[in-house]
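Residues in the sequence shown are numbered from 1 upward in steps of one, following the UniProt record's numbering.
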Amino acid sequence: GEVSVLLTRNAGSEQHLTATVTFAQIEHDIPADSTASLLIDDRDFGALDALDDSHFRLDSDQTTALLQALTNQRKIEFTLNGQHLPLSSA
Numbered sequence: 001g002e003v004s005v006l007l008t009r010n011a012g013s014e015q016h017l018t019a020t021v022t023f024a025q026i027e028h029d030i031p032a033d034s035t036a037s038l039l040i041d042d043r044d045f046g047a048l049d050a051l052d053d054s055h056f057r058l059d060s061d062q063t064t065a066l067l068q069a070l071t072n073q074r075k076i077e078f079t080l081n082g083q084h085l086p087l088s089s090a
């Protein structure tokens with residue numbers, strides 16, 4: 001499977017950034033009770049909030065950690081039901 005991150009922010013200087021993770025499973029559907037988490041340099045930043053079967057939202061602390069990791073070229077992975085999926089920089 002593959003993982004992608006969508007970063008969004010409403011217009012205006014005081015608006016917060018939100019991050020949503022999407023998992024694409026080619027071989028099989030993602031189970032409805034799936035769990036996902038964020039790992040940066042093998043450190044667990046906790047569970048993500050499920051929006052539906054394949055979309056998960058990061059909380060504000062996770063989003064901040066993700067942005068810092070992206071700007072510092074750290075190893076970023078997401079887990080889906082225990083399976084580690086790296087976030088590609090491509």
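Backbone N, C-alpha and C fix where the C-beta goes; we use that ideal spot for every residue, glycine too.
In DSSP terms, what residue i is bridged to
| i | result |
| --- | --- |
| D49 | R57 |
| L6 | T20 |
| Q83 | L80 |
| D44 | L39 |
When the options are compared against residue i, the one with the closest alpha-carbon
| i | options | result |
| --- | --- | --- |
| L70 | F56, H55, L87 | L87 |
| R57 | K75, N10, S37 | S37 |
| V3 | T22, T35, A65 | T22 |
| F45 | P31, T63, S54, H55 | T63 |
| S34 | E77, D49, T20, Q15 | D49 |
| G82 | L39, S60, D59 | L39 |
| L80 | R9, Q15, H55 | H55 |
| F78 | D29, N72, A19 | A19 |
| L85 | A24, A11, P31 | A24 |
| D61 | N72, Q73, A47, S13 | A47 |
Straight-line Cα distance separating residue j from residue i
| i | j | result |
| --- | --- | --- |
| K75 | L67 | 12 Å |
| L17 | A65 | 12 Å |
| L51 | R43 | 23 Å |
| D53 | V5 | 15 Å |
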